[in-house]
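Line by line, the protein sequences give chains A and B.
Per the working numbering, the first sequence starts with residue 1, numbered consecutively.
Per the working numbering, the second sequence starts with residue 1, numbered consecutively.
The structure appears below as structure tokens.
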Amino acid sequence: MEHEKDEPIEDPTVDTSEDVDIDEFDDEETSRDLVVPGEILSEDTKNFLPGRGTIFNKDRSKIISLNIGLKQVKRNYINVIPLRGFYTPRPGDKIIALVTDKNPVKYICDINSKDNGVLKPKNTVTRGKPRGYRGGASDDQDNSTEKYEIGDILIVKVLSADRLNKPELTTVGKYLGKRRDGLVITIDPPKIPRVIGRSGSMIKMLKNLTKSNIFVTQNGRIWLKGEDLAHERLLIDAIRKIEEEAHTVGLTDRMSEYIENEKKIRGMN
Amino acid sequence: MPLIIKDEYPEKLFREDGKRLDGRDKYELRPIKMEVGVLENADGSAYIEWGNNKIYAAVYGPREVHPHHLAKPDRGILRVFYRMATFSVFERKRPAPGRREKEVSMVITDCLEPVLFLELYPGTAFEVFINVMDADGGTRCACTTVAALALADAGVPMKSLVTAVAVGKIDGELITDLSGIEDKAGEADLPCAMTWFNEELSLLQFDGSMDLDEFSKYLSLAKDAISKIYEIQLDALKKKYIEIQEEYSGGEKK
């Protein structure tokens with residue numbers, strides 16, 4: 001039976017994330033001006049409009065920041081790139097989920113957001129070609145939650161998400177499925193674009209220098225697996241450093257310096 | 001021998017040299033120190049030392065509401081838990097939340113709610129836990145200030161910060177920032193909080209007696225003091241990030 005074998009734990013050359021290839025933090029238009037909630041960004045309301053993370057004040061005479069973050073002027077929009085915040089699921093996001101509970105009809109997954117994700121068994125198996133009117137091959141696995149156990153780490157995709165309902169997940173797709181090895185660390189979700197870097201530059205650098213596999217997901221969780229423990233530790237330290245210094249300039253160069261330095265100090269080749 | 005402190009107040013609340021009992025001028029604030037990100041496991045946190053007040057605030061959320069019946073289907077809720085430590089006042093405070101604590105919690109909730117976008121997070125709660133470690137008058141103002149700071153640190157979208165201060169009257173003179181003894185022995189006490197979105201008042205409580213002319217004077221006094229505290233608030237929020245920024249750009253800000 002084709003469903004009996006596990007999802008391939010293939011070598012995940014993984015995600016230079018097609019969705020987020022722009023590093024907002026490293027954009028030329030992003031100033032290094034730190035703004036806080038309530039700070040006035042501009043009083044020139046004729047030429048500028050409030051974009052992400054900003055609003056007009058009541059009489060529309062000022063543009064005001066809503067978040068702690070960096071000010072960005074893009075065309076005629078003023079945005080604020082947040083430095084702190086939480087993850088809100090959006091359809092299409094690839095995220096790392098932890099199975100926290102299951103019952104005969106669904107798995108409940110912790111996805112580091114305000115709601116738990118719901119994974120239904122029909123979304124965990126690939127369907128064959130539609131046969132006839134009902135569509136899809138019927139299978140025992142279609143309707144049972146025996147595939148995963150509580151405590152499993154899954155890479156899933158968000159099928160649907162809105163403000164009111166719990167997000168629905170799927171494990172069918174490229175790179176998706178259960179992870180049996182590696183480590184998962186969590187960082188602040190708004191800083192994820194920084195770990196990826198502009199068109200994946202940072203993540204490529206990290207991979208090359210530490211000879212590791214990394215899967216960065218939008219909910220702030222990072223799956224990683226290195227050659228040995230020493231490399232993994234170095235990688236974790238590096239990611240923590242990126243998280244701390246996400247709002248500074250020239251981070252990629254500085255990180256590669258840092259890793260080379262640390263390698264010498266730690267006696268790794 | 002147990003330390004016995006009698007509940008007696010001095011007859012005069014001004015010293016002979018015209019200063020207040022703790023050596024301040026009439027419109028002088030107590031020394032204020034603020035810090036954010038002090039608690040590891042909270043989503044956002046802040047700490048304030050305002051004179052002898054020492055207060056921690058922690059923010060969690062948005063997250064599920066427990067008990068579940070409090071959840072609102074169309075918007076999120078803000079829950080504030082103001083608690084005083086047993087050792088925060090002279091006579092041991094019973095740890096169970098009393099009438100006063102529930103009142104202050106409610107006051108702070110109502111004060112912070114207008115600056116949040118709760119309608120974006122239906123069915124969830126933002127929870128603010130405030131613990132007063134040491135109390136010496138004006139804790140509700142200090143708590144409002146520190147709670148706003150913790151919310152901003154957690155990355156919760158806000159229209160503006162909220163800043164609060166108390167003004168009052170002792171021995172017939174207007175003063176800003178009442179300390180514990182002035183609060184108890186003084187004639188009037190007016191805690192007020194301001195949001196910076198439209199410079200509107202978000203909290204106004206009053207205890208004592210004064211006439212209308214005085215009242216407007218009080219408000220302008222409060223506004224002056226609040227803008228001073230606001231500067232400290234902004235500094236505290238930005239300090240963490242700016243220090244790192246300056247370290248790596250050779251001291252100059254880009």
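Just so it is clear, CB atoms sit at the ideal spot from N, CA and C, and this is done for glycine as well.
Problem - chain A within 8 angstroms of residue 208 of chain B, Cβ atoms only - result: no
Handout entry: Contact set between residue 260 of chain B and chain A, taken where Cβ atoms lie within less than 7 angstroms
Key = The structure shown does not extend to residue 260 of chain B, since chain B is modelled only from 1 through 254, so no value can be given for it.
Practice task
Would you decide whether residue 255 of chain A is buried or exposed? Buried here means 16 or more other CB atoms lie within 10 Å of its CB.
Solution key: buried
Exercise for the section: Note down the Cα distance separating residue 81 of chain B from residue 102 of chain B, rounded to an integer number of angstroms. Expected result: 8 angstroms
Practice task
Would you mind telling me which residues of chain A sit closer than 8 angstroms to residue 153 of chain B, beta carbon to beta carbon, in chain order?
Solution key: 68, 84
Problem - Bounding residues of the alpha helix (DSSP H) (the contiguous stretch that carries residue 210 of chain A) - result: 201-210
Practice task
Please confirm if residue 58 of chain A has its CB atom under 8 angstroms from at least one CB of chain B.
Solution key: yes
Exercise for the section: Following the continuous alpha helix (DSSP H) through residue 106 of chain B, name the residue where it begins and the one where it ends. Expected result: 99-112
Handout entry: Length of the line joining the Cα atoms of residue 55 of chain B and residue 30 of chain B
Key = 15 angstroms
Practice task
Mind checking which residues open and close the beta strand (DSSP E) that includes residue 102 of chain A?
Solution key: 94-103
Handout entry: Rounded C-alpha distance that separates residue 81 of chain A from residue 152 of chain B
Key = 14 angstroms
Practice task
Just the C-alpha distance for residue 201 of chain A and residue 233 of chain A, rounded to the nearest angstrom, thanks.
Solution key: 21 angstroms
Handout entry: Outcome for residue 27 of chain B when other beta-carbon atoms lying within 10 angstroms are tallied against a minimum of 16
Key = exposed
Handout entry: Residue(s) in a DSSP beta bridge with residue 51 of chain B
Key = For residue 51 of chain B, which the question treats as bridged, DSSP gives no partner whatsoever.
Problem - residue 235 of chain B versus B:10, B:34, B:183, B:25, residue with shortest Cα-Cα distance - result: B:34
Problem - Length of the line joining the Cα atoms of residue 51 of chain A and residue 86 of chain B - result: 47 angstroms
Handout entry: Minimum Cβ-Cβ distance from residue 41 of chain A to chain B less than 8 angstroms
Key = no
Exercise for the section: Please state whether DSSP places residue 177 of chain A in a helix, a strand or coil. Expected result: strand
Handout entry: chain B contact for residue 52 of chain A (CB, 8 angstroms cutoff)
Key = no
Exercise for the section: Can you tell me the Cβ-Cβ gap for residue 209 of chain B and residue 187 of chain B, rounded? I've got them flagged as a contact below 8 angstroms. Expected result: 7 angstroms
Practice task
List the residues of chain B whose Cβ lies closer than 8 angstroms to the Cβ of residue 106 of chain A, in chain order.
Solution key: Here the premise fails: no neighbours, minimum Cβ distance about 17 angstroms.
Handout entry: Cβ contact check for the segment 192-206 of chain B and the segment 160-169 of chain B: 3 or more pairs under 8 angstroms
Key = yes
Problem - Cβ pair residue 186 of chain A, residue 124 of chain A closer than 8 angstroms - result: no
Exercise for the section: Could you list which residues in chain B have their beta carbon closer than 9 angstroms to that of residue 245 of chain A, in chain order? Expected result: 244, 245, 247, 248
Practice task
For residue 124 of chain B, return the contacting residues in chain A, with the cut-off set at a CB-CB distance below 7 angstroms.
Solution key: 114
Exercise for the section: Using 10 angstroms around the beta-carbon of residue 121 of chain A, count the other beta-carbons present and answer buried if the total reaches 16, otherwise exposed. Expected result: buried
Exercise for the section: Examine chain A for any beta-carbon lying closer than 8 angstroms to the beta-carbon of residue 223 of chain B, and answer yes or no. Expected result: no
Exercise for the section: Would you tell me roughly how many angstroms separate the C-alpha atoms of residue 239 of chain B and residue 39 of chain A, rounded to the nearest one? Expected result: 15 angstroms
Handout entry: the segment 54-66 of chain A in contact with the segment 104-112 of chain A per 3-pair CB rule at 8 angstroms
Key = no
Problem - Contact list for the segment 191-215 of chain B against chain A, Cβ threshold 7 angstroms - result: 196, 197, 198
Handout entry: C-alpha gap between residue 140 of chain B and residue 70 of chain A, whole angstroms
Key = 31 angstroms
Practice task
Measure the beta-carbon distance from residue 113 of chain A to residue 87 of chain A and round it to whole angstroms, keeping in mind my assumption that it falls under 8 angstroms.
Solution key: 5 angstroms
Practice task
Please confirm if the segment 176-183 of chain A is in contact with the segment 220-228 of chain A, defined as three or more CB-CB distances below 8 angstroms between the two stretches.
Solution key: yes
Handout entry: Residues from the segment 158-176 of chain A in contact with chain B, defined by Cβ distance under 7 angstroms
Key = 163, 164
Exercise for the section: Might you give, ordered along the chain, the residues of its own chain that have their beta carbon closer than 7 angstroms to the beta carbon of residue 97 of chain B, omitting 5 neighbours on each side? Expected result: 83
Handout entry: Sufficient close CB pairs (3 or more, under 8 angstroms) joining the segment 105-115 of chain B to the segment 43-55 of chain B
Key = no
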